[in-house]
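Peer 1: Input: one structure, supplied below.
In our numbering, the protein residues as written are 584 to 659.
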């Protein structure tokens with residue numbers, strides 16, 4: 584789903600639905616983090632729960648900013 588959504592955003596297939604993007608960020612990214620966690624020790628690094636939450640918050644703020652930009656572009 585993440586790759587498919589990237590294709591929609593990059594290639595602007597129709598209208599970008601902000602609610603779907605936000606749902607992806609809130610629901611699917613935590614799932615992805617859980618899938619990746621077991622791989623991290625083999626790479627020599629395991630982030631703390633706080634680091635993961637902080638990163639998710641940074642990603643959410645970035646998405647909010649991008650939504651505002653996209654919304655302002657659509658009003659022109």
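Even glycine gets a Cβ: it sits at the ideal position worked out from N, Cα and C.
Rounded C-beta distance between residue 608 and residue 643? I'm assuming under 8 Å.
Peer 2: Residue 608 to residue 643, Cβ: 6 Å. Contact.
Peer 1: Under 8 Å by Cβ, that's how I've got residue 605 and residue 635 pegged, so tell me the actual separation to the nearest angstrom.
Peer 2: In fact, because the Cβ distance is near 19 Å, the residues do not count as touching under 8 Å.
Peer 1: Kindly indicate the opening and closing residues of the alpha helix (DSSP H) around residue 622.
Peer 2: Counting along the chain, residue 622 falls outside any alpha helix (DSSP H), and DSSP gives it neither H nor E.
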